[in-house]
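Here is the structure we will look at.
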Amino acid sequence: MQYHAFILKYAEIGVKGKNRYMFENALVKQINRVLSKVQGEFKVDKTAGRIYVDARNYDFDETVEALQTVFGLTGICPAVSIERDGDGKLPTYEKLAERVCRFMDNVYPDKNKTFKVQVRRVDKTYPMDSMELGRELGGDILKAFPEFKVDVHNPEILLHVEIREKVNLYSEVIPGPGGMPLGTGNKAMLLLSGGIDSPVAGYMIAKRGVDIEAVYFNAPPYTSERAKQKVIDLAKVVARYTGKVKLHIINFTDIQLYIYDKCPHDELTIIMRRYMMRIAEELAKRSGCMGLITGESIGQVASQTMQSLQCTNDVVETMPVYRPVIAFDKQDIVDISLKIKAYDISIQPYEDCCTIFVAKHPVTKPKVEVIRKHEENLNEKIDELVKTALDTDEILEIEG
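Under my numbering, the first residue of the sequence shown is numbered 8, with each subsequent residue one higher.
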């Protein structure tokens, strides 16, 4: 069946106060963004508690898939709309009942199901009230299709009839991603590796309305072009939900080699992570970001113990570090990675700079003061190397 429209529902935005319109406008902007990439004719309008998309000449599956990437939406309802007549009047009961029966016939070829009619009469000028309309429409459905059965408590089909500026009929609510609309939560810098965790972390923070930039630390020739492409592909996954992502690619090789030469090998990962955080914070400042995002989870690896995270945080001077998967089990992270279609990319066996210089027995309980002392071994050249890495930043604009 070709639906005329989609009724889009939101939840959390609805409890906002006087600035609610700002969140609604941001949501409409993101809906228009994703639909601009879908073949079809779409017109997006908002009204109290609802956003409507009039749709013509479109592909249903492609449109729904696009809408399911819009943070802030909780429900996507394919609908049939009944317009007012030429005199601006809502349809008569007879016309409404005929369209309701046609809807049930077209959408549900198998009529051995239970149903309930739920009417919402926003336009109070309609001559029948909600209870009466629901009762009468249910009776007409049973007359037309005796195979249906009424179940007011747990129906298999819940037919919604909304009487507003026009009448909308829908019975399916496709889940949206929830969250808050992009652009309502400022911007943050994601440390994006080729692993499973960091794309999930970026997705989760973006779900709260935060725009995302990303930085990847490349280490040629120890990491390959395929490893770099893997991260670009992961950035594309994130960009499906966030729109265009600015990806900074930092050449980290000389810094890693210098750390390897001057510092204790069991501390390599911690000290390298500290310099990644320093560089990421500087990039974030330059880009107007309000924080850093990492995919760290307590205890998952040696560099993610509580002591290690304390050492990593120690070098971030002015920004919060957001770690949305900090308390997740690995399977929790994998489940989200699968949902956003990042997992198959993340498990591609291409090395990244965090894995090629790992010590056989890395320290798991580093002390901040000891790490700071050993970093003094780098004083001769490290500032120059960091400056070079920042000055040679390769920036890519990644589309989803």
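Each residue gets a CB set at the ideal place from its N, CA and C atoms; glycine is no exception.
Boundaries of the alpha helix (DSSP H) in which R109 is found, first to last residue
R109: member of the alpha helix (DSSP H) spanning Y100 to V114, first to last residue.
Determine, using beta-carbon pairs with one atom in the stretch 221 to 237 and one in the stretch 332 to 344, whether at least three such pairs fall under 8 Å.
No, because fewer than three Cβ pairs between the stretch 221 to 237 and the stretch 332 to 344 fall closer than 8 Å, the two stretches do not touch.
Taking A18 as the reference, give the member of G79, K235, K372 and E72 with the closest Cα.
Closest option to A18, Cα to Cα, is G79.
L299 beta carbon less than 8 Å from that of M326
Cβ distance < 8 Å, so M326 and L299 count as in contact.
Just to check my reading of the structure: M187 and G146 have Cβ atoms closer than 8 Å, yes? What is that Cβ distance to the nearest angstrom?
Contact flag wrong, Cβ pair sits at about 42 Å.
According to DSSP, is Q125 part of a helix, a strand, or is it coil?
In the structure shown, Q125 sits in a strand (DSSP, three-state: E or B).
M211 - containing beta strand (DSSP E), residue span:
It is not in any beta strand (DSSP E) - M211 instead sits in the alpha helix (DSSP H) that spans D204 to A213.
Does the stretch 235 to 252 come close enough to the stretch 281 to 299 that 3 or more CB-CB pairs lie under 8 Å?
Contact between the stretch 281 to 299 and the stretch 235 to 252 is absent, because fewer than three Cβ pairs lie under 8 Å.
Taking the DSSP output, what are the residues bridged to N258?
Beta-bridge pairing links N258 to N225.
Could you say if the stretch 175 to 189 and the stretch 308 to 325 meet the contact criterion of at least three C-beta pairs nearer than 8 Å?
Between the stretch 175 to 189 and the stretch 308 to 325 there are fewer than three C-beta pairs closer than 8 Å, too few to call the two in contact.
In whole angstroms, what is the alpha-carbon distance linking Y133 and L97?
In this model, Y133 and L97 are separated by some 7 Å (Cα to Cα).
Reduced DSSP secondary structure (H/G/I, E/B, other) of T318:
The sequence given here has Cys at residue 318, not Thr. Looking at C318 - three-state DSSP - the assignment turns out to be helix.
Bridge partners for S88 per DSSP, in chain order?
Beta-bridge pairing links S88 to N175.
Minimum C-alpha distance to I286 - residue among K50, K150 and V393
Of K50, K150 and V393, the residue nearest in Cα terms is V393.
Just tell me which of Y10, K388 and Q263 has its CA closest to the CA of N113.
Nearest option by C-alpha distance: Y10.
For R236 and E391, I'd like the C-alpha separation in whole angstroms.
Note on identity: in this sequence residue 236 is Gln, with Arg being the wrong assignment. Using only the alpha carbons, I get a separation of about 28 Å.
Using CA atoms only, rank isn't needed, just tell me which of Q311, T70, P227 and I340 is closest to V370.
Nearest option by C-alpha distance: Q311.
List the DSSP bridge partners of R57.
T54.
Curious, which full-length beta strand (DSSP E) runs of at least 3 residues does the stretch 372 to 403 contain?
Annotation: the stretch 372 to 403 contains no complete segment of the beta strand (DSSP E) (minimum length 3 residues).
Figure out for me which residue from Q37, D400, D130 and Q355 has the closest Cα to the Cα of R293.
For R293, the closest C-alpha among the options Q37, D400, D130 and Q355 is that of D400.
Assuming contact is defined by CB atoms lying nearer than 8 Å, are F110 and A62 in contact in what I supplied?
Against a cut-off of 8 Å, the Cβ pair of A62 and F110 comes out as no contact.
Rounded to whole angstroms, what's the CA-CA distance from V180 to H167? Just pull it up for me.
CA-CA distance, V180 to H167, rounds to 10 Å.
Option nearest Y164 by Cα separation, candidates G201, T191 and Q125:
It is worth fixing the name first, because residue 164 is Ile in this sequence and not Tyr. Among G201, T191 and Q125, the Cα nearest to that of I164 is on Q125.
From which residue to which residue does the beta strand (DSSP E) around Y17 run?
A12 to Y17 is the span of the beta strand (DSSP E), which, as asked, contains Y17.
Would R128 be called buried (16 or more neighbouring beta carbons within 10 Å of its own) or exposed?
Burial call: buried.
What are the residues that DSSP puts in a beta bridge with F335?
Its beta-bridge partners do not exist; DSSP assigns none.
Using a Cβ-Cβ cut-off of 6 Å (strictly less than) and excluding sequence neighbours within five positions of I58, which residues of its own chain qualify?
Short of 6 Å from the beta carbon of I58, and not among the five residues preceding or following it, lie these beta carbons of its own chain, in chain order: L15.
Mapping the DSSP letters down to three states, classify T81 as helix, strand or coil.
Three-state DSSP puts T81 in a strand.
Could you tell me the alpha carbon to alpha carbon distance between A396 and E48, rounded to whole angstroms?
Rounded to the nearest angstrom, the two C-alpha atoms are 46 Å apart.
Let me confirm a value: G141 is counted as buried when at least 16 other C-beta atoms fall within 10 Å, else exposed. Which label applies?
Flag for G141 reads buried.
Rounded to a whole number of angstroms, what is the C-alpha to C-alpha distance between M29 and T81?
If I take the Cα positions, the gap works out to 18 Å.
So who's on the other strand from M297, going by DSSP bridges?
DSSP, once it has assigned bridges, lists no residue as partnering M297.
Excluding the 5 residues preceding and the 5 following F152 in the sequence, name in chain order all residues of the same chain whose CB lies nearer than 6 Å to its CB.
Cβ neighbours of F152 beyond the five flanking positions: K118.
Assign P206 to buried or exposed, taking buried as 16 or more other Cβ atoms, counted over all protein chains shown, within 10 Å of its Cβ.
Buried, since its Cβ has 16 or more Cβ neighbours within 10 Å.
I354 burial status per 10 Å Cβ neighbour count (16 or more: buried)
Classification for I354: exposed.
Distance check for G21 and K53, CA to CA, integer angstroms please.
Those two C-alpha atoms are separated by around 13 Å.
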